[in-house]
Structures are given as C-alpha cells and as structure tokens.
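A.B. asks: Take a look at the following structure, please.
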Amino acid sequence: MTKTLTAQDLADTFDAFNRHDVDAVMTHFADDCVFYTVAGDEKYGNKIEGADAIANAFSAVWAGMKDAHWDHHSHFVHGNRAVSEWTFSGTDADGMRIEAEGADLFTLRDGQIIVKQALRKTRPMFKA
C-alpha cells in the first residue's frame with residue numbers, strides 16, 4: 312500500500328520546525344532525502360544529502376537563530392509534488408534579524424519527502 316503525504320502532515324512538520332523539534336520535523340523525510348538550501352555557492356544553493364545530515368543542518372539553523380520561526384505557513388499536495396509557503400524570521404547571535412517570505416518545493420515518494428528545495432526572498436538583515 313502506497314502512503315500519501317497530506318497538507319496536514321506538512322503543517323505538522325512546520326509546527327515542529329517552530330518548536331525546534333528535529334525528531335518531529337524529520338518524521339516525513341526519507342533516509343535518502345536531499346535538501347537544497349536557500350543560499351550557497353551553487354546555483355541551487357547548497358546540497359545536503361541524507362536524513363542525518365539534513366537534521367544536523369536544521370539544528371544548526373536553530374542553534375544560530377534561537378528564535379527561528381516559520382509563520383503564516385500554508386501547504387498543498389498534488390500527487391508526488393507539494394508546496395509550502397511561509398514567512399521566515401530569526402535573529403542571529405549578533406542581533407541581526409531577517410524577515411522574508413519563502414517557499415519549499417517538495418518531491419514525494421511513498422508518503423515521504425525525498426527532495427526539499429527551499430526558496431526565500433533575498434532581503435538584507437537589519438538590527439533587531
């Protein structure tokens with residue numbers, strides 16, 4: 312039986328992001344998943360492969376921005392593709408803050424995320 316990922320599953324995942332609960336976030340990620348970050352040296356940002364490496368990357372964001380939050384998130388799923396829209400905010404250790412809209416494009420397999428492509432508006436950080 313093929314499992315299906317739902318919009319509610321994605322909403323639950325983003326609620327877990329906001330709690331900084333890496334175990335709950337990773338519930339719907341396949342072991343062989345790939346995450347393309349919002350920034351990096353390549354045209355696609357950086358490529359992080361595997362659930363453990365991705366969990367570490369998410370945890371690093373929370374360590375660097377203790378108030379990291381994805382607000383106003385909404386989600387839809389169609390077949391093996393899904394989209395989440397959100398507004399990200401966070402303040403780094405130097406007191407610089409980011410607030411920017413973004414989206415994730417997901418590829419799904421058997422109810423799990425196999426690709427997460429993160430996209431975010433480029434906006435300068437400002438003093439919190």
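With the numbering used here, letter number 117 in the sequence shown gets 428, and the count goes up by one each step, no holes.
Think of the CB as a built atom: it goes at the ideal place given N, C-alpha and C, for glycine as much as any other residue.
Which partner residues does W373 have in the DSSP bridge list?
C.D. replies: The partner list for W373 (beta bridge, DSSP) is empty, contrary to what the question assumes.
A.B. asks: Among V394, D343, R420, which has the Cα closest to the Cα of G365?
C.D. replies: Going by the sequence as given, residue 365 is Ile instead of Gly. If we check each option's Cα against that of I365, D343 comes out closest.
A.B. asks: What does the alpha-carbon distance come out to for the pair A411 and I424?
C.D. replies: When rounded, the distance between both Cα atoms is 24 Å.
A.B. asks: Taking 7 Å as the threshold (C-beta atoms), are V336 and T324 in contact?
C.D. replies: Yes, the Cβ-Cβ distance between T324 and V336 is below 7 Å.
A.B. asks: Given a cut-off of 7 Å, decide if K427 and D415 are closer than it, judged by their beta-carbon atoms.
C.D. replies: Taking 7 Å as the Cβ cut-off, D415 and K427 qualify as a contacting pair.
A.B. asks: Between the C-alpha atoms of T418 and R330, what's the straight-line distance to the nearest angstrom?
C.D. replies: Taking the straight line joining both Cα atoms gives about 24 Å.
A.B. asks: Among the residues of its own chain, which have a CB less than 8 Å from the CB of K438, if the five just before and after it don't count?
C.D. replies: Same-chain partners within the cutoff: G406, M407, R408.
A.B. asks: Does D415 come out as helix, strand or coil in the three-state DSSP assignment?
C.D. replies: Correct three-state label for D415: strand.
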